[in-house]
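Everything on this sheet refers to the single structure shown next.
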Amino acid sequence: MTKKEIASKFNHTEAEEKWYKFWIENNYFKSTPDSREPYTIVIPPPNVTGVLHMGHMLNNTLQDILIRRARMKGYNACWVPGTDHASIATEAKVVNMLKEKGLSKEAIGREKFLEHAWEWTEKYGGTILEQLKKIGCSCDWDRTKFTLDESMTASVIKVFVDLFEDGLIYKDFRLVNWDPKAKTTLSDEEVIYKEQSSFLYHINYPIKDSGETITVATTRPETIFGDVAICISPNDDRYKHLVGKKAVVPICNREIPIIEDEYVDPEFGTGCLKITPAHDENDYKIGLKYNLEMLDVLNEDATLNEYGLHYKGKDRFVVRKEIAKELEENNFLAKKEKYTNKVGTSERTGEVIESRLSHQWFLKMEDLVKPAIKSVLEDKEIALIPTKFENTYRHWLDNIRDWNISRQLWWGHRIPVYYLDKNKEKYVVAETKEEALEKAQKINASLTINDLTQEEDVLDTWFSSWLWPISVFDGISNPENEEINYYYPTQDLVTGPDILFFWVARMIISGYKFRTEKPFSNVYLTGLVRDNEGKKMSKQLGNSPDVLKLIDTYGADSVRVGLMLSTNAGNDLLFDESLCQQGKNFVHKIWNSFRLIKGWEVSDKNEHPKAKQQLVNWYENKFYATLEKIEKDFENYRISDALMNAYKLIWDDFCSWFLEGIKRTGEKDSETHKQVWSFFKLNLQLLHPFMPFLTEELWQLIKDKNDDNSICISSFPKNKNFDKKEVKDFEYIKDLITKLRSIRKEKNISFTEKIDIYTGSKKPKGVANFQESFMLSASIEDIKDKEEIPEESNHSSFLVGTDEYFILTANVDAAQEREKLQEELSYLKGFLLSVEKKLSNERFVSNAPEKVVEIEKKKQQDTLEKIASIEKSLKMLS
RNA sequence: GGGCACUUAGCUCAGUUGGUUCAGAGCACUUGGUUUACACCCAAGGGGUCGGGGGUUCGAAUCCCUCAGUGCCCACCA
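Count along the first sequence from 1, then add 8; that gives the number in my numbering.
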């Protein structure tokens, strides 16, 4: 390629399409077990109906960086993609779609409904995976899984049957969280408590055969139809005489007993609690304790049933208002006060949940949870990053309750329970209906397949995703297969802390239960993406930028860089579009550095060979020094720091110091060319995990026949010993050059005008080592002994570390110069004072470690030298 | 109500076991710059009592106490 053909700008749109296709065609992301060490990540499967948002972009970019780096480091890198059927969320969408067509799920029935759902899934299900390709994700797409796939379903069903046979799954009739909109139960984790301003209603209940009334306070007057008792505290003298009497429930005129129980707090409200066991967790417990009747007054859609009398069929919130009015009109309402309380809502539909009595399936957690606690908190087999989440993890597992795994939905894994009778009292659990029949016939030989009816409910979505790291390798149904033995346990899991319980903890539990081994070694928990005002990005708020549009505008690499620059594990990140611009600027910078080098012609002449060699030696050392830092950052999952270190290496060290330095050396021989290009390649390889498209494009432009066909399978730079002193000395040179530029600017001396500088007779080490490149970079004619400064001349001085430098200036403002020196002098004297104070403090000298005292002594020495030097200059000025 | 974090430059954040001239980075900002890599740029520069107060120590951004503010998680108070 000749100079003219190089585009002045990187065309990201073209490159992204071209190179992604190239990677796929060459199967670079494909993984099969071999003799190499595996490095495996399973994707947190996004909802099949999902579209890419900033959260996906964040955690999938992180995964891609980790997997690309591992691949380049020679691991057999395997990133398994897939999607989750998201039972309730997807079902809700399909229901809405049907509604628009004037259909309802009840009207069309289970089978037809599932047909629609599958249709929907096929139509939209691939969207999010296609979007992941746009951001560069290097997944092994041949492995794409869906939690409702046949093999995945088989795993779920087998697990259910096994757990049932272990006695860990049971059916129970109890109070559960009920979502009246989706008409299904929810697990405790799916209930989000939200603060709400409401009213506390004080309602008078007449006492039977007495003129007295007893007043209870409730936020839910519509549930009085379900009242079965009134409860007071045993220590409450106000009501003691009423215990054992009957109260009459207003409106429905039912008589209920007055009982006492420790649970009631006499301080709260009126000190009297109405007991509605079918609609409140605590009332339920009291109901069980005293064997009270459970009156369920609500339908499954939270309208009142026949117990609600004339309110029958009306919604609970409508009734709340109306009944308050009716109570008031009949003088039952003593008081209505404003009150703030927390109300449980459904995570998926947002609907206020009800506590509802129903038959559900539960998984016993008590024993299952034990290895999960031990492995993370005691044995440290699994690291949570950052570690602060260990507390949350511990708390949840310590207080875990049995997991309600059944859902009254259709979209999901249908529970493999087969009832033998109409009353659903007898049942068998089996993987297939045929097996179920065999089992059933052992109970009753006369049964036929038509007598069996399968449980209507499906399983909680998380009951399939908790198997994900195992089931994607078919490790449940086929526990000894090559894949599971090779890839499991996986290495890193990257996800948000919001699903630590839903998913991460349960995967750990299932890992030990079904594989007797952890599912992964490290869990990197990202923060939430917020906007620049600190608000959580969400569809509802409309503050989430369209990721695809961002990619279109800035390029995938730029958005990746922008996002990664501001992410540290566990902390939320405030996303601002200007970060993408920063990413784009970086892309542009790299592209242009390529254009510069490409433009250099090879020459026989070798001007300034020493300067070139110094720069080459330095950059090599600097590169490996930085690489060591970056590797450490990766070890600690400090991806943002790793990127920033690379960013500064490329922009400041490579472009501003190295290339600028080389540029000034004039003609470049072939050896220099070779070295510059080899550095450039190393830079690209270092950057590839962060910026896959740009680096591939450049790799293709510069690679030679010995290089790998794609950068993504080339080697990541390997740590190498480097000369620390060399790196440090050059930092000194940078400092010196910066100060020279500053003083030139101040004195109006052009940067290119060659000048002499004066310093001590013994040149500072840094200068000695980099003399030629320094003189070239700083436009220095000669470095002279300060004794040689002409007597009558004007000059300015400055310090680098403890070394003093002078340059001659045409017409120095002596007064100004003196003032500058004076200022510096007084600072140094003050500093000296504090150092000497320390050193004369006996307690410091005797208590502080020797090393620290030495350092102070050195400081003292250096400062004294500096002061002497400045005082001398001041004398010369006068 | 309980628990866990956090508060450092205009913004977003680093700051390892208290100790090098330790108060840092990136962005933003100010000033100057169009000699062919890049104005998506170059060069230089300004900017912070480390949330307030108290304590421990020879020495505190770092450890302890306290106050204030912010965020998250958990919890059945009608």
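Ideal Cβ positions, reconstructed from N, Cα and C, are used throughout, including at glycine.
Separation of residue j from residue i, as counted between CA atoms
i: N1; j: L74; result: In the structure displayed, the chain extends from 9 to 886; residue 1 sits before or after that span and is not available.
i: L300; j: P214; result: 20 Å
i: L122; j: N458; result: 22 Å
i: F510; j: W149; result: 26 Å
i: K828; j: L885; result: 12 Å
i: S781; j: I757; result: 20 Å
i: K846; j: I863; result: 12 Å
i: K613; j: T673; result: 11 Å
i: K191; j: Y83; result: 48 Å
i: I875; j: D811; result: 11 Å
i: E832; j: L587; result: 39 Å
i: K17; j: V569; result: 18 Å
i: T524; j: L306; result: 45 Å
i: N649; j: R538; result: This sequence places Asp at residue 649; Asn is not what is there. Rounded to the nearest angstrom, the two C-alpha atoms are 20 Å apart.
i: V257; j: T284; result: 12 Å
i: K770; j: K880; result: 18 Å
i: S195; j: S664; result: 58 Å
i: I14; j: V595; result: 15 Å
i: E389; j: K526; result: 8 Å
i: E263; j: L341; result: 18 Å
i: E897; j: Y132; result: A question about residue 897 goes unanswered here, because the residues of the chain that appear run from 9 up to 886.
i: I266; j: T221; result: 12 Å
i: Q868; j: W87; result: 58 Å
i: A391; j: F602; result: 41 Å
i: F154; j: E442; result: 26 Å
i: G768; j: K630; result: 28 Å
i: Y319; j: L312; result: 6 Å
i: A23; j: D580; result: 31 Å
Strand pairing of residue i, partner residues [DSSP]
i: R76; result: DSSP, once it has assigned bridges, lists no residue as partnering R76.
i: R538; result: K544, L582
i: L816; result: H803
i: Y347; result: S206
i: R364; result: V184
i: Y435; result: Y427
i: D482; result: None, per the DSSP bridge assignment.
i: D323; result: T311
i: F528; result: T498
i: F370; result: Y178, N412
i: D790; result: D764
i: L405; result: Paired residue(s): none; L405 is not in a bridge.
Per-residue burial, residue i [other beta carbons within 10 Å of its own, 16 or more giving buried]
i: Y562; result: buried
i: T440; result: exposed
i: V502; result: buried
i: Q204; result: exposed
i: Q499; result: buried
i: S842; result: exposed
i: L317; result: exposed
i: E873; result: exposed
i: K689; result: buried
i: Q824; result: exposed
i: Y201; result: exposed
i: L296; result: exposed
i: Q622; result: buried
i: R151; result: buried
Cβ-heavy atom distance, residue i to the ligand FMN, below 7 Å
i: F522; result: This structure does not include the ligand FMN; it has no bound ligands of any sort.
Every unbroken alpha helix (DSSP H) within the stretch 708-771, with a cutoff of 4 residues, ordered by chain: Whole alpha helix (DSSP H) segments, 4+ residues: 732-755.
Pairing CB atoms from the stretch 772-787 with CB atoms from the stretch 744-764, are three or more of them under 8 Å? yes
Jot down the residue ranges of each uninterrupted beta strand (DSSP E) in the stretch 138-214, minimum 3 residues, whole runs only, in chain order. The qualifying runs are 177-187, 192-194, 199-214.
Quick one: any contact between the stretch 32-43 and the stretch 481-495, if contact means 3 or more CB pairs under 8 Å? By the Cβ criterion, the stretch 32-43 is in contact with the stretch 481-495, since at least three pairs of Cβ atoms, one from each stretch, lie closer than 8 Å.
Below 8 Å, how does it come out for the stretch 266-273 and the stretch 238-253: are there three or more Cβ pairs, yes or no? yes
Unbroken stretches of the alpha helix (DSSP H), 4 residues or longer, contained in the stretch 19-105: 20-33, 62-80
Determine, using beta-carbon pairs with one atom in the stretch 164-184 and one in the stretch 416-435, whether at least three such pairs fall under 8 Å. Contact between the stretch 164-184 and the stretch 416-435 is present: 3 or more CB-CB pairs across the two stretches fall below 8 Å.
With a cut-off of 8 Å, do at least 3 Cβ pairs link the stretch 229-239 to the stretch 319-329? yes
Three or more C-beta pairs closer than 8 Å, one from the stretch 409-421 and one from the stretch 462-473: is that the case here? Yes, since at least three Cβ pairs between the stretch 409-421 and the stretch 462-473 fall closer than 8 Å, the two stretches touch.
What are the complete alpha helix (DSSP H) segments, minimum 4 residues, inside the stretch 446-479? 470-473, 476-479
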